Amino acid sequence: MPLLDGKHGLVFGVANKRSIAWAIAQAWAREGAKLAFTYQGERLKENVEELAGTFGADTLILPCDVTKDEQITDVFKTVGGKFGKLHLMLHSVAFAPKDALEGEFVNTSREAFRVAHDVSAYSLVALARGAAPLMTEGGSIVAMSYYGAEKVVPHYNVMGVAKAALEASTRYLAYDLGPKKIRVNCISAGPVNTLAARGIGGFTEMLKVYEARSPLKRNLVPEELGATGTFLASDGAAAITGQVIYVDCGYQIMGM
Ligand code: 0WE
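Here you go:
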């Protein structure tokens, strides 16, 4: 039987077919989950409709700017009305102003720091609070992180600090929601060529570094994030919560 048969999921963070959220959504759907999607801004609406539409014309697709409490409230009201119950949620959302990812971290403005944390970390707390009342049979919340949360990755800057907040939030949410059988975990992915990674200076070099230094001597493929996302969503991970799972070909274990 498919691993996620009869489960309802909500996916935040699909921008296009290269999105990590899309890789995980496809894996969840393949295992039988029924999914709803949100998109950020009219700019991305068509993309998400085209992709999510492949799961059927009745697929729920809703606007959601995660910095707007009213939009979050509306999403969970609509999802609750359509699904009744929710079992899975994917948070694959991050943003820092471009100039904050280019210069030195010491020059991060108050506003860039605020925006990065609001979009990339606080949003998990707000979305978990919205999802929890619908997860009456227990649930699995998965968020995406990156190694820059624990070690300095040049230019990742305020995003690293925001990912550290996301990972710590994951642990506190896991503690709060554990009694309701809701698990909260992060996948820390190695570099993937997405819209969010494009335009980042030196990204191609970064892929080469991972290939050279990671124990598996290669970069990951998005399907491997899908597989880990499915595992964390499944009952096979029923005793795993508050964790950060590295899907990075082993890069994180290296000291040199
Ligand atoms: O989390 C990320 C990227 C998130 C991201 C990307 C952008 C680009 C466009 C957040 N905000 C923005 N803002 C923009 O204006 N990654 C893990 C990918 C990434 O980003 C880096 C990396 C890696 C890897 C930035 C610097 C150095 C390495």
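Numbered by the working numbering, the letters in the sequence shown go through residues 1291 to 1546 in order. Every residue gets a Cβ at the ideal spot worked out from N, C-alpha and C, and that includes glycine. Only a predicted model underlies this, so the values are computations on that prediction, with no experimental measurement involved.
1) Would you list, in sequence order, the uninterrupted beta strand (DSSP E) runs of no fewer than 3 residues that lie entirely inside the stretch 1463-1516?
2) Shorter than 8 Å, the distance from the beta carbon of N1509 to the closest heavy atom of ligand 1, or not?
3) Using 9 Å as the threshold, is the C-beta distance between V1443 and T1460 below it?
4) Enumerate in chain order the residues of its own chain whose CB-to-CB distance from T1363 is below 8 Å, with the five nearest sequence positions on each side excluded.
5) According to DSSP, is Y1436 part of a helix, a strand, or is it coil?
6) If you follow the alpha helix (DSSP H) that R1381 is in, where does it begin and where does it stop?
7) Between L1350 and the rest of its own chain, which residues show a CB-CB distance below 6 Å, the 5 nearest in sequence each way excluded?
8) Can you tell me which residues form a DSSP beta bridge with G1324?
9) If you measure from the CB of L1300, is any heavy atom of ligand 1 nearer than 8 Å?
10) For K1307 and A1315, what's the separation of their Cα atoms in angstroms?
11) When we look at the beta-carbon of E1514 and count the other beta-carbons within 10 Å, is it buried (16 or more) or exposed?
12) I believe F1366 touches L1424 by the beta-carbon criterion, under 8 Å. Please report the beta-carbon distance rounded to the nearest angstrom.
On the basis of the data shown:
1) 1472-1479
2) Mapped onto the sequence shown, residue 1509 falls at position 219. Every heavy atom of ligand 1 is 8 Å or more from the Cβ of N1509, so no.
3) Residue mapping note: residue 1443 aligns to position 153 of the sequence shown, counting from 1. Residue mapping note: residue 1460 aligns to position 170 of the sequence shown, counting from 1. No, Cβ-Cβ distance for V1443 and T1460 is not below 9 Å.
4) Against the sequence shown, residue 1363 aligns to sequence position 73. Around T1363: G1420.
5) Position 146 of the sequence shown, counting from 1, holds the residue named residue 1436. Y1436: coil per DSSP, three-state reduction.
6) Stepping through the sequence shown from its first residue, residue 1381 is reached at position 91. Looking at the sequence provided, one finds His at residue 1381 rather than Arg. Where H1381 is concerned, there is no enclosing alpha helix (DSSP H), although the beta strand (DSSP E) it sits in stretches over 1378-1381.
7) Residue 1350 sits at position 60 when you count from the first residue of the sequence shown. Once the five neighbours on either side are set aside, the close Cβ partners of L1350 are A1326, K1372.
8) As a position in the sequence shown, residue 1324 is number 34, starting the count at 1. In the sequence under discussion, the amino acid at residue 1324 is Lys, which differs from the Gly named in the question. DSSP, once it has assigned bridges, lists H1298 as partnering K1324.
9) In the sequence shown, the residue the question calls residue 1300 occupies position 10. Checking every heavy atom of ligand 1 against the Cβ of L1300, none is found closer than 8 Å.
10) Numbered from 1 along the sequence shown, position 17 holds the residue referred to as residue 1307. Numbered from 1 along the sequence shown, position 25 holds the residue referred to as residue 1315. The alpha-carbon atoms of K1307 and A1315 are separated by roughly 11 Å.
11) Indexing the sequence shown from 1 puts residue 1514 at position 224. By the neighbour-count rule (16 or more Cβ atoms within 10 Å), E1514 is buried.
12) In the sequence shown, residue 1366 corresponds to position 76, counting from 1. In the sequence shown, residue 1424 corresponds to position 134, counting from 1. Yes, F1366 and L1424 are in contact; Cβ-Cβ is about 7 Å, under 8 Å.
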